[in-house]
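Comments concern the structure below.
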Amino acid sequence: MAILGGLFLVIPEALVGVYSSEAAVVAHALPALAVAGTMMLFDGSQAVLVNALRALGDVWVPMGAQIVSFWLLAAPVAWILAFEAGFGTAGLMGGIYAGVVAATVINGWRFLAVSRRPLVRA
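Taking my numbering, the leading residue of the sequence shown gets 1, the next gets one more, and so forth.
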């Protein structure tokens, strides 16, 4: 994730150029890639944590964390940043950023709690 995020930050024009050379598309995509590049570590971390918790048999708390992180936090923050604060595409990505950070924190806390328990074979 660090490598991919680094590419988003170092060569965003080349990455956008793979999909479009239209100036309007590039203008909207570059700020979004700047946000996405720094978000990658959190996104990868929350995905690993959710799946590690599922492997430990904990499925309800990670699911609830994802609902809270993305529906109750990320979606409203994205709306506010994009439309109310006027950040546009970067604001939408900022909302997702808030969601992945929240999911990483919640699921990281949960993983610490669950992994301290003794393992029970089923």
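In this text, a Cβ means the ideal position worked out from N, Cα and C, and glycines have one as well. If you're wondering where the values come from, they're calculated on a predicted model, not measured in any experiment.
Alpha helix (DSSP H) segment containing residue i, residue limits
i    : result
S115 : 88 to 115
M18  : Sequence check: residue 18 is Val here, not Met. Unbroken alpha helix (DSSP H) run through V18: 12 to 19.
D43  : 23 to 55
W60  : 60 to 66
A75  : 75 to 79
9 angstroms Cβ cutoff met for residue i and residue j
i    : j   : result
I106 : S45 : no
Pairwise C-alpha distance: residue j and residue i
i   : j    : result
A34 : G108 : 25 angstroms
A29 : L41  : 20 angstroms
F8  : R121 : 43 angstroms
E22 : L56  : 47 angstroms
Residues near residue i by beta carbon distance below 7 angstroms, same chain, minus five either side
i   : result
Y97 : V35, M39
L49 : T104, N107, G108, F111
Cβ neighbours of residue i in the same chain (closer than 8 angstroms, five flanking residues each side left out)
i   : result
E13 : V26, L30
Cutoff 6 angstroms; reference residue i; Cβ partners in own chain excluding five residues on either side
i   : result
D58 : V114
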